[in-house]
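Novice: I am attaching a structure below and will ask some questions about it afterwards.
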Amino acid sequence: MYLLGVDIGSYSAKGVLLDEQGRVVSTATQPHEMRVPAPGWAEHDADQDWWGGFKSVTRQLLERTGVDPRQIATIGCSGIGPCMLPVDAQGQALRPAVLYGIDTRAKTEIIEMTARYGAEHLMHQCGMALTTQAVGPKVAWLARHEPEVFKRTSRILGCPSYLVHRLTGQWVVDHYGAANYAPFYDVEKLAWAPEVIRDTCRPDQLPEARWTTDIAGTLHLAAAEETGLAPGTPVIVGTVDAAAEAASVGVLQPGRLMVMYGTSIFFIQVVPQLHRDARHWSAPYLFPGTWAAMGGVSTGGALTHWFRNEIAQLDDRDSGFAQMLAEGAKSPPGANGLIALPYFSGERTPINDPDARGVLFGLNLRHQRADMYRALMEGVGHATRHNLDMFAEVCPIDGIDAVGGGVLNPLWMQSSVDISNRPQRVRQHTVGAAMGSAFLAGIGVGMMAATDIERINPVERTVSPQASLRERYDHDHRLFLDLYHATRQLMPRVQAEHSR
């Protein structure tokens, strides 16, 4: 028997087949684009990018392996999030999906909702402050700016919920994902808060909240015909990509922490109990009785895409990235005195500032393209340290596991470790959320236990900090923090002037 896991990322869909021992049988990828139709917006076409990506990687896996679809025991889905997708009664998208915290269009609604309910009340009920990561303000934005779409909306879904509905016809979300619908979810009660929901939408427009590994339903005939899978195959509720990534590297016990190096950067730390702090987000985790503290850097790998396309102007994806990496390695640690704030899409934790913007500070005529690239990577490293220092205050860190495409970028990985002065482990398999989804699906049908992940995906290497760089990077980190505080009042003024 086999386990199928599919994850929808910012720029691609990925799929993996595991056998009953948890071994990776095959993987598949289908690229797609993130659309930025206006400054501060980020969108996907759900039918094309999410459902189309699922179908593509699934058929690739079946064709490459020759696996009989009837031998797939269960399916797990994960995807970028939290996202906001309005759908009609048939589950068809009514507009492009509004993506996670990098989409900052609902800043006004965040301010209004925070004023309406009060920051203290929101922290108590939701376990987090309202930020661009929250779904609720984006629902309010939809109601205000696209009222005709809102009137036709039957359900408001995230990426995993949309896929599960396309597969099974069920409307579900896991508790981890539901918590990101703030302010609509009560973390103490592990339930929706209808009295709050009614201020913005109807309670029946939200999916049923269940645990991640619960069986949501079985594959219906129409979905089987589209995907090539067998009708009747169980499908778990699934979760957001970051939680599936964390599961894939064994971040399941208190103190364990994951850094996901992707288009953006996401952190999950398992904590022994609900921990409320305005600097991070809190949520129930994957299983009953488990909790997570979370954070995010809005722009990580997205900066490498931007730099390749706009600064280096290199067209070929693979050779362009390789050339940038080779150049960046020639610039010394500290990028010859160049400091970057990587806030190209605002910033999430711990500063929660949607108006923050990117800065290259200290430029002179001796700086080269290599210094700029290294400074951007180091800027992401400083933002990573800013979060890790905060998480260490929440709960003592008992090991950091690194996942995502960024672990294949040695400059990014090593500079992040050096700047934070904390070692990070890299596992044998970096398939990430797709593997985590397959593993969670295995738990859902009793084929896997949570402890099996250490056997399935052992540590391959540990990236350790270079002691010789400690003083250099400690100095630069203080400058990084001071630079943000020195420019934070200017950033909204620049945007206000250019938005007229």
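Just add 180 to the spot in the sequence shown (first one is 1) and you have the working numbering. Every residue gets a Cβ at the ideal spot worked out from N, C-alpha and C, and that includes glycine. Bear in mind that the values here come from a model prediction, so they are computed numbers and not experimental data.
Could you check where the alpha helix (DSSP H) with Gly476 kicks off and where it finishes?
Specialist: Translated into positions along the sequence shown, residue 476 becomes position 296. Gly476 -> not in any alpha helix (DSSP H); beta strand (DSSP E) instead, spanning 471-477.
Novice: Name the one or two DSSP bridge partners that Met438 has.
Specialist: As a first step, residue 438 is located in the sequence shown; it is residue number 258 there, counting from the start. Its beta-bridge partners are Ile448, Asp581.
Novice: Less than 8 angstroms between the beta carbons of Val451 and Ala472, yes or no?
Specialist: Within the sequence shown, residue 451 is the residue found at index 271, counting from 1. Within the sequence shown, residue 472 is the residue found at index 292, counting from 1. Yes, Cβ-Cβ distance for Val451 and Ala472 is below 8 angstroms.
Novice: Are the stretch 318-325 and the stretch 294-309 touching by the rule of at least three beta carbon pairs closer than 8 angstroms?
Specialist: Verdict: no, contact absent.
Novice: Would Val583 pass as a contact of Ser341 if the rule is Cβ separation under 8 angstroms?
Specialist: Residue mapping note: residue 583 aligns to position 403 of the sequence shown, counting from 1. Residue mapping note: residue 341 aligns to position 161 of the sequence shown, counting from 1. Cβ atoms of Val583 and Ser341: not closer than 8 angstroms.
Novice: From what residue to what residue does the beta strand (DSSP E) around Lys194 run?
Specialist: Reading the sequence shown from its first residue, position 14 is the one you call residue 194. Element bounds for Lys194: 192-199.
Novice: Quick check on the DSSP output: the alpha helix (DSSP H) that includes Phe571 runs from which residue to which?
Specialist: Within the sequence shown, residue 571 is the residue found at index 391, counting from 1. Residues 549-574.
Novice: State yes or no: is the C-beta of Gly538 within less than 8 angstroms of the C-beta of Leu518?
Specialist: Working through the sequence shown from its first residue, we reach residue 538 at position 358. Working through the sequence shown from its first residue, we reach residue 518 at position 338. The answer is no: Cβ separation not under 8 angstroms.
Novice: Contact criterion: CB-CB distance below 8 angstroms. Does Pro340 meet it with respect to chain C?
Specialist: This model lacks chain C altogether, as it is built from one protein chain only.
Novice: Rounded to whole angstroms, what is the Cα-Cα separation between Ala362 and Glu490?
Specialist: Here residue 362 corresponds to residue number 182 of the sequence shown, with the count starting at 1. Here residue 490 corresponds to residue number 310 of the sequence shown, with the count starting at 1. Each residue's alpha carbon lies about 36 angstroms from the other.
Novice: For a test of the three-state rule: what should DSSP assign to Val315, helix, strand or coil?
Specialist: The count along the sequence shown starts at 1 and reaches residue 315 at position 135. If DSSP states are grouped into helix, strand and coil, Val315 belongs with coil.
Novice: Please go through the same chain and pick out, in chain order, the residues whose beta-carbon is closer than 8 angstroms to the beta-carbon of Gln433, but skip the five residues on each side of it.
Specialist: Here residue 433 corresponds to residue number 253 of the sequence shown, with the count starting at 1. The residues are Val450, Asp578.
Novice: Report the CB separation of Val431 from Arg335 in whole angstroms; it is logged as a contact under 8 angstroms.
Specialist: For the purposes of this step, residue 431 is identified with residue 251 of the sequence shown, where counting begins at 1. For the purposes of this step, residue 335 is identified with residue 155 of the sequence shown, where counting begins at 1. 30 angstroms between Cβ atoms; not a contact.
Novice: Just the C-alpha distance for Pro645 and Asp598, rounded to the nearest angstrom, thanks.
Specialist: Along the sequence shown, read from residue 1 onward, the residue named residue 645 stands at position 465. Along the sequence shown, read from residue 1 onward, the residue named residue 598 stands at position 418. Going by the C-alpha atoms only, they are around 4 angstroms apart.
Novice: Can you give, in chain order, each stretch of the beta strand (DSSP E) that sits fully within the stretch 322-380 and has at least 3 residues?
Specialist: The stretch 322-380 contains these whole beta strand (DSSP E) runs: 335-337, 352-354.
Novice: Which residues does DSSP list as the beta-bridge partners of Ser462?
Specialist: Numbered from its first residue, the sequence shown carries residue 462 at position 282. Its beta-bridge partners are Ala473.
Novice: Check Asp224 in the structure and name its three-state DSSP category.
Specialist: Here residue 224 corresponds to residue number 44 of the sequence shown, with the count starting at 1. The amino acid occupying residue 224 in the given sequence is His; Asp does not appear at that position. In this structure, His224 counts as strand in the three-state DSSP scheme.
Novice: Could you spell out the range, first to last residue, of the beta strand (DSSP E) harbouring Leu183?
Specialist: As a first step, residue 183 must be located in the sequence shown, where it is residue number 3. It spans 182-188 - the beta strand (DSSP E) in which Leu183 sits, taken as one unbroken run.
Novice: Is the beta carbon of Tyr280 less than 8 angstroms from the beta carbon of Gly256?
Specialist: Reading the sequence shown from its first residue, position 100 is the one you call residue 280. Reading the sequence shown from its first residue, position 76 is the one you call residue 256. Not in contact: Tyr280 and Gly256 (Cβ atoms no closer than 8 angstroms).
Novice: My assumption, with CB atoms under 8 angstroms, is that Gly408 sits in contact with Phe447. Please give the rounded CB distance.
Specialist: The residue given as residue 408 occupies position 228 in the sequence shown. The residue given as residue 447 occupies position 267 in the sequence shown. About 36 angstroms; that fails the 8 angstroms criterion.
Novice: Hey, would you say Thr288 sits closer than 8 angstroms to Gly220, going by beta carbons?
Specialist: Translated into the one-based positions of the sequence shown, residue 288 becomes position 108. Translated into the one-based positions of the sequence shown, residue 220 becomes position 40. Not closer than 8 angstroms, so no.
Novice: With a Cβ-Cβ cutoff of 8 angstroms, do Gln350 and Gly418 count as a contact?
Specialist: For the purposes of this step, residue 350 is taken as residue 170 along the sequence shown, with counting starting at 1. For the purposes of this step, residue 418 is taken as residue 238 along the sequence shown, with counting starting at 1. Going by C-beta atoms, Gln350 is not nearer than 8 angstroms to Gly418.
Novice: Using 8 angstroms as the threshold, is the C-beta distance between Ala618 and Leu241 below it?
Specialist: Locating residue 618 in the sequence shown gives position 438, where the first residue counts as 1. Locating residue 241 in the sequence shown gives position 61, where the first residue counts as 1. The answer is no: Cβ separation not under 8 angstroms.
Novice: Which residue spans inside the stretch 198-280 form an unbroken alpha helix (DSSP H) run of at least 4?
Specialist: Segments of the alpha helix (DSSP H) lying fully in the stretch 198-280: 232-245.
Novice: Less than 7 angstroms separating the Cβ of Ile377 from some heavy atom of the ligand ADP?
Specialist: As presented, the structure is devoid of all ligands, the ligand ADP included, so that no description of it is given.
Novice: Could you please give me the residues that DSSP links to Val420 through a beta bridge?
Specialist: Taking the first residue of the sequence shown as 1, we reach residue 420 at position 240. DSSP output for Val420 lists Gly259 as bridge partner(s).
Novice: Going by the CB atoms, is the gap between Leu591 and Leu659 shorter than 8 angstroms?
Specialist: In the sequence shown, residue 659 corresponds to position 479, counting from 1. In the sequence shown, residue 591 corresponds to position 411, counting from 1. Going by C-beta atoms, Leu659 is not nearer than 8 angstroms to Leu591.
Novice: CA-CA distance, Arg378 and Gly412?
Specialist: Here residue 378 refers to the residue found at position 198 when the sequence shown is read from its first residue. Here residue 412 refers to the residue found at position 232 when the sequence shown is read from its first residue. C-alpha separation (whole angstroms): 36 angstroms.
Novice: State the CB to CB distance for the pair Arg668 and Asp533, rounded to an integer number of angstroms; the pair is presumed to be in contact (CB under 8 angstroms).
Specialist: Position 488 of the sequence shown holds residue 668. Position 353 of the sequence shown holds residue 533. The Cβ separation is near 7 angstroms, so the contact holds.
Novice: For Arg456 and Asp248, what's the separation of their Cα atoms in angstroms?
Specialist: To locate residue 456, count along the sequence shown from 1; it is residue 276. To locate residue 248, count along the sequence shown from 1; it is residue 68. Arg456 and Asp248: Cα-Cα distance of roughly 47 angstroms.
Novice: Give the DSSP-derived three-state secondary structure of Thr667 in the structure shown.
Specialist: Numbered from its first residue, the sequence shown carries residue 667 at position 487. Three-state DSSP puts Thr667 in a helix.
Novice: Do the CB positions of Gly612 and Asp187 come within less than 8 angstroms of each other?
Specialist: Counted from its first residue, the sequence shown places residue 612 at position 432. Counted from its first residue, the sequence shown places residue 187 at position 7. Taking 8 angstroms as the Cβ cut-off, Gly612 and Asp187 qualify as a contacting pair.
Novice: Can you tell me which residues form a DSSP beta bridge with Gly624?
Specialist: Along the sequence shown, read from residue 1 onward, the residue named residue 624 stands at position 444. Answer is none; Gly624 lacks a bridge partner.
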